Structures are given as structure tokens and as C-alpha cells.
Amino acid sequence: MDHILLVPIILVGIHAYTFARWLSQEGNTRGAIGMYVLIAVSLALPVYRMLRAG
Numbered sequence: 092m093d094h095i096l097l098v099p100i101i102l103v104g105i106h107a108y109t110f111a112r113w114l115s116q117e118g119n120t121r122g123a124i125g126m127y128v129l130i131a132v133s134l135a136l137p138v139y140r141m142l143r144a145g
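All letters in the sequence shown, in the order written, are residues 92 to 145 by the numbering used here.
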């Protein structure tokens, strides 16, 4: 079941990545870095939770 929940998380991560890339292209480097950090955390936490639960 946890694997199924990763699909929407990955899709949201892709959408956020394109937004971060757009921010970077528009010159908002600080906002892009913040989005990249948010993407990394939002993808890492569910994977960590799945690995921790066994």
C-alpha cells in the first residue's frame, strides 16, 4: 500500500521541480533552492518511513 502512495508524491515532486526550474530561470535563485530542498524532503520522508517500517 505504501508503494501506491508514492505515485502521487512523485507526481507532485515533478510538478514542484518544474516550478523550481522556472523560478531559477526567472532569476529567483533563493526560491528555487528552497523548492529543491522542499522536494528532497517531501520525497525522502515517505521512503524513509517505508524503510523504517520494514
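Quick reminder that beta carbons are idealized off the backbone N, C-alpha and C, glycines included. No experiment lies behind these values; they were computed from the predicted model shown.
Pair within 7 Å by beta-carbon distance, residue i and residue j
i, j, result
"G104", "I124", "no"
"Y127", "A111", "yes"
Expected contact under 8 Å - CB spacing of residue i and residue j to nearest Å
i, j, result
"L134", "I100", "7 Å"
Cβ neighbours of residue i in the same chain (closer than 8 Å, five flanking residues each side left out)
i, result
"P137", "D93, L96, L97, I100"
Cβ-based neighbour list, residue i, same chain, cut-off 7 Å, excluding 5 preceding and 5 following
i, result
"G122", "L114"
"Y108", "I130"
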